[in-house]
Amino acid sequence: MKEKVFEFLLNVPKGKVVTYGQIAEYTGNKKAARAVGNILHRNPDENKYPCYKAVDSKGNLSRNFAFGGIEMQKEKLESEGIEVRNYKVDLNTYKWNETK
DNA sequence: TAGATGACTCACA
DNA sequence: ATGTGAGCCATCT
Numbered sequence: 039m040k041e042k043v044f045e046f047l048l049n050v051p052k053g054k055v056v057t058y059g060q061i062a063e064y065t066g067n068k069k070a071a072r073a074v075g076n077i078l079h080r081n082p083d084e085n086k087y088p089c090y091k092a093v094d095s096k097g098n099l100s101r102n103f104a105f106g107g108i109e110m111q112k113e114k115l116e117s118e119g120i121e122v123r124n125y126k127v128d129l130n131t132y133k134w135n136e137t138k
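The following block contains the structure:
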């Protein structure tokens, strides 16, 4: 299951973000978003998996980011070319559709 | 091994 | 808008 999360994460193109629910849905359990968040929180390979691309349903950045705080996540997202407004991203624009 | 917690999300009052 | 309850999975204690 975690492997699916990581795979999904690696599949996320640069400049795009995904929601926990979306990842959970991909892994097979839409309601397992909690587990997804937990997996990313205890992210085994921070430098390998773009965990900062994971945002909540509202496009809000992670509530308790693991490294340096959400500010760092914001910076990273901006580095990807994503416009971050007050620790929030426009899902309508940046949320990635795997089928797309 | 079992119980509790958490980067979540949705629904209802 | 704010608060509570339910549902899943991985990790912690």
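According to the numbering used here, the residues represented by the first sequence are 39 to 138, in order.
Yeah, the Cβ is synthetic: ideal placement off N, Cα and C, and Gly gets one too.
A quick note: this is a predicted structure, and the numbers were derived from the prediction, not measured.
In the structure shown, the three-state DSSP call for V43 is helix.
Distance from the Cα of K96 is smallest, within the candidate group K133, V50 and E41, for K133.
Contact between the segment 77–94 and the segment 104–124 is present, with at least three C-beta pairs closer than 8 Å. With respect to Y58, V43 sits apart: the two C-beta atoms are not nearer than 7 Å. Note on the segment 41–93: whole alpha helix (DSSP H) runs with a minimum of 4 residues are 58–65 and 71–79, in chain order.
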